[in-house]
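Residue numbers (this note's numbering): 43 to 290.
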Amino acid sequence: MTTSATADPDFALRARKYVASQTVAAFIAGGVAGAVSRTVVSPLERLKILYQVQGTGGASYTGVGASLTKMWHEEGWRGFLRGNGTNCVRIVPYSAVQFSSYTVYKRMFMEAGRTELDAPRRLIAGGMAGVTSVVATYPLDICRTRLSIHTASLEALGKTGQHIKIPGMWDTMIHMYKNEGGVLALYRGMIPTLAGVAPYVGLNFACYEQIREWMTPEGEKGPGPFGKLACGALSGAIAQTFTYPFGV
């Protein structure tokens, strides 16, 4: 009993130090941030996919406001969050791997005696983090896209009286593996995805770090919470603007 009692504080201290380490902290924070941010923008994320997969002739979703209203009337609040669970299953490991690998690559490229990377090295480290996160989670991404396309056809099937059960992510992944070419089927289309993600993530991290330096008050380690939010929004907007065509 005495040994157990004395070991518990040591274990708790080691666990706290482990979680507080830079890479592990980035992994946990990245996963949580990914889930929260994806849930907040879930209606717009689903709407973007509906825009991309609908035909141009008889487009039923036109305009953001009108489309969100249509989604609300036809599906209720569940329509706004449809597929969000699948998104979070993908985005949590994606963001966790991306942020933690960026931390690792930053240390790899850091010169002795320096505490920050220059802009080119930030861009490269961010791009490598983007590639790492895509390779680690691409099967989840391709399954999420398929499930989103399936749900986009629910309205048409309902009008014809047909009813189908949308498969889950795991069922979709197994079906692709067994019937569409094994492991390669789960990574089909990854190269074009990497062509968009690598520059996006590289630009995002590079812009964020630079904007954060500009917005940090003199004598402080970094901007406040709202300042960081502004840095993230601005850097994301810049990166998305330059790389959006790759994501369509």
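Heads up, the beta-carbon is just placed ideally off N, CA and C, and yes, glycines get one too. Computed from a prediction, not measured in an experiment: that's the story for all the values here.
For D213, three-class secondary structure by DSSP | Walking along the sequence shown from the start, residue 213 turns up at place 171. In this structure, D213 counts as helix in the three-state DSSP scheme.
Flag this pair as touching only if the segment 237-252 and the segment 156-167 have three or more C-beta atom pairs under 8 Å; answer yes or no.
-> yes
Check whether the Cβ atoms of Y147 and A178 lie closer than 8 Å to each other.
-> The sequence position of residue 147 within the sequence shown is 105, counting from 1. The sequence position of residue 178 within the sequence shown is 136, counting from 1. By the CB criterion at 8 Å, Y147 and A178 fall outside the cutoff.
Can you tell me the Cα-Cα spacing of A108 and V82, whole angstroms?
-> Against the sequence shown, residue 108 aligns to sequence position 66. Against the sequence shown, residue 82 aligns to sequence position 40. Rounded to the nearest angstrom, the two C-alpha atoms are 19 Å apart.
Use the C-beta contact count for S137: other C-beta atoms within 10 angstroms, 16 or more gives buried, fewer gives exposed.
-> What you label residue 137 is simply residue 95 of the sequence shown in a count that begins at 1. It counts as buried.
Locate the alpha helix (DSSP H) running through S63, then write down its first and last residues.
-> Here residue 63 refers to the residue found at position 21 of the sequence shown. S63 -> no alpha helix (DSSP H), and no H or E assigned at all.
With a floor of 4 residues, list each alpha helix (DSSP H) that falls wholly inside the segment 110-195, ordered by position along the chain.
-> 119-123, 126-151, 161-194
Tell me where the alpha helix (DSSP H) around E251 begins and ends.
-> Along the sequence shown, read from residue 1 onward, the residue named residue 251 stands at position 209. Here the alpha helix (DSSP H) through E251 covers 232-257.
With burial defined as no fewer than 16 other Cβ atoms inside 10 Å of the residue's Cβ, what is the status of F284: buried or exposed?
-> Taking the sequence shown and counting its residues from 1, one reaches residue 284 at position 242. The residue is exposed, with fewer than 16 neighbouring Cβ atoms inside 10 Å.
Could you pull out every residue in the same chain whose Cβ sits closer than 8 Å to the Cβ of G274, ignoring the five residues on either side in sequence?
-> As a working mapping, residue 274 is identified with position 232 in the sequence shown. Cβ neighbours of G274 beyond the five flanking positions: Y250.
Compare the beta carbon distance of G223 and I184 with 8 Å and say whether it is the shorter of the two.
-> Against the sequence shown, residue 223 aligns to sequence position 181. Against the sequence shown, residue 184 aligns to sequence position 142. Taking 8 Å as the Cβ cut-off, G223 and I184 do not qualify as a contacting pair.
Would you mind reading off the limits of the alpha helix (DSSP H) that contains V83?
-> Taking the first residue of the sequence shown as 1, we reach residue 83 at position 41. Here V83 belongs to no alpha helix (DSSP H), and DSSP marks it neither H nor E.
Beta-carbon separation of Q282 and A161 under 8 Å?
-> By 1-based counting over the sequence shown, the position of residue 282 is 240. By 1-based counting over the sequence shown, the position of residue 161 is 119. No. Outside cutoff.
Excluding the 5 residues preceding and the 5 following T258 in the sequence, name in chain order all residues of the same chain whose CB lies nearer than 7 Å to its CB.
-> On the sequence shown, residue 258 is found 216 positions in, with the first residue counted as 1. Closer than 7 Å at the Cβ level, and outside the excluded window around T258, lie G264, P265.
Contact check, L189 vs T157 under 8 Å by CB: the rounded distance?
-> The count along the sequence shown starts at 1 and reaches residue 189 at position 147. The count along the sequence shown starts at 1 and reaches residue 157 at position 115. About 43 Å; that fails the 8 Å criterion.
Return the CA-CA distance between L159 and L271, expressed in angstroms with no decimal places.
-> Walking along the sequence shown from the start, residue 159 turns up at place 117. Walking along the sequence shown from the start, residue 271 turns up at place 229. So the alpha carbons of these two residues sit roughly 21 Å apart.
Are A68 and S142 closer than 8 Å when you measure CB to CB?
-> The count along the sequence shown starts at 1 and reaches residue 68 at position 26. The count along the sequence shown starts at 1 and reaches residue 142 at position 100. In contact: A68 and S142 (Cβ atoms closer than 8 Å).
With a cut-off of 8 Å on the beta carbons, I'd call T145 and T65 a contact; round off their distance for me.
-> For the purposes of this step, residue 145 is taken as the residue at position 103 of the sequence shown. For the purposes of this step, residue 65 is taken as the residue at position 23 of the sequence shown. The pair is a contact, with the Cβ atoms about 5 Å apart (cut-off 8 Å).
Taking the CB atoms as reference points, tell me whether R80 and R124 lie closer together than 8 Å.
-> One-based indexing of the sequence shown puts residue 80 at position 38. One-based indexing of the sequence shown puts residue 124 at position 82. Taking 8 Å as the Cβ cut-off, R80 and R124 do not qualify as a contacting pair.
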